[in-house]
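Anchor point for the sequence shown: position 140 equals 139 in numbering that gives the first Met the number 0, and the numbering is continuous, going up by one each time.
Heads up, the beta-carbon is just placed ideally off N, CA and C, and yes, glycines get one too.
No experiment lies behind these values; they were computed from the predicted model shown.
Below: the structure, in structure tokens.
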Amino acid sequence: MAKTFFFGYGSYRDKKKIAEIIGKDPEGGEPAVLEGYLLAVQTLDQIPGSARAVLQKVWGDQFRAYTIRKSPGIVVGTVWIIDQEDLNKIKEWEFVEEQWREIKQVDVTTNSGTKIPVLTDLARETLPVKEFVNGIEYEYNLNKKGKNIYREDDEHKFKEIMRIRQELGITHQYLNA
0 MAKTFFFGYG
10 SYRDKKKIAE
20 IIGKDPEGGE
30 PAVLEGYLLA
40 VQTLDQIPGS
50 ARAVLQKVWG
60 DQFRAYTIRK
70 SPGIVVGTVW
80 IIDQEDLNKI
90 KEWEFVEEQW
100 REIKQVDVTT
110 NSGTKIPVLT
120 DLARETLPVK
130 EFVNGIEYEY
140 NLNKKGKNIY
150 REDDEHKFKE
160 IMRIRQELGI
170 THQYLNA
């Protein structure tokens, strides 16, 4: 199966998080810099429809998500090597079909100084953002505690999100609960 580079920022900088979504440890993991973008934060009220409904049930009204916007600036992250099946899982997890996020090709510079084309996910440009934040030094996870989840482990959160997606009639072809 063909492999591609994926630039993970926010929680996708973390190997454990991306492994949780794709169901295996990802290859790669080289730090990289995305130039020409700013790191931004969206709040729950800026997220459309069914994506908002799922996120609200799990994390409550205080949910926030990172995205990037084309603008002079830089965002640090990690380059992972994934296949098409992994990318399909990321698209599903990020509500691409539900019109919240999209996959875009950008160029990053790795720690070794090599400029490479990668795919990344971001909120659609037509959606608003709350604020811009430091793209170099930032906390990878904006949502550490869920509204209806009393355990801290990510596996439990993943299962809860999948349950709520099913409850709301959001089909998932690639993700497994």
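Where does Q98 sit, in a helix, a strand or coil, going by DSSP? DSSP places Q98 in coil when its eight states are reduced to three.
Report buried or exposed for K114, applying the criterion of at least 16 other Cβ atoms within 10 angstroms of its Cβ. The residue in question, K114, is exposed, as its Cβ has fewer than 16 Cβ neighbours within 10 Å.
Closest to E124 by CA distance: which of I67, A31, V57, G22 is it? The residue with the shortest Cα to Cα distance from E124 is I67.
Determine the direct distance from the alpha carbon of S49 to that of N87, and round the result to whole angstroms. When the Cα atoms are used, N87 and S49 turn out to be separated by approximately 18 Å.
Can you tell me whether L33 is buried or exposed? The criterion is at least 16 other CB atoms within 10 Å of its CB, across all chains shown. Label assigned to L33: buried.
Between the C-alpha atoms of R12 and Y137, what's the straight-line distance to the nearest angstrom? Whole-angstrom Cα-Cα distance: 11 Å.
Would you call the stretch 2 to 16 and the stretch 91 to 101 in contact, with 3 or more CB pairs under 8 Å? No, they do not touch.
Applying the 10 Å Cβ sphere with the 16-neighbour rule, what's the burial state of P116? Flag for P116 reads exposed.
For the alpha helix (DSSP H) containing Q55, name the first residue and the last one. Per DSSP, the unbroken alpha helix (DSSP H) holding Q55 starts and ends at 48 to 58.
By the DSSP assignment, the alpha helix (DSSP H) with D120 in it spans what residues? First-last for D120: 114 to 122, but that is the beta strand (DSSP E), not the alpha helix (DSSP H).
Leaving out five residues before and five after K90 in sequence, what residues of the same chain have Cβ atoms less than 7 Å from its Cβ? Excluding sequence neighbours, K90 sits near I102.
What are the boundary residues of the beta strand (DSSP E) that E34 is part of? Boundaries of the beta strand (DSSP E) around E34: 26 to 42.
Give every residue of the same chain whose Cβ lies closer than 7 Å to the Cβ of G9, excluding the five residues on either side of it in the sequence, and list them in chain order. So the qualifying residues of the chain are Y65, Y139.
Could you tell me which residues DSSP puts in a beta bridge with E130? Residue pairing by DSSP puts E130 in a beta bridge opposite V40.
DSSP-derived helix/strand/coil call for A64: If DSSP states are grouped into helix, strand and coil, A64 belongs with the strands.
Can you list, in chain order, the residues of its chain with a C-beta nearer than 8 Å to that of M0? Leave out the 5 residues immediately preceding and following it. In its chain, beyond the 5 residues on either side, D82, Q83, E84 have a beta carbon closer than 8 Å to the beta carbon of M0.
In whole angstroms, what separates the C-alpha of K15 from that of I46? Looking at the two C-alpha atoms, the distance is approximately 25 Å.
Please classify P25 as buried or exposed, where buried requires at least 16 other C-beta atoms within 10 Å of its C-beta. Flag for P25 reads buried.
Whole-angstrom distance between G112 and N147, CA atom to CA atom: Confidence at N147 is low in this model, with a pLDDT of 44, below 50, so the placement of that residue is unreliable and no value is reported for it.
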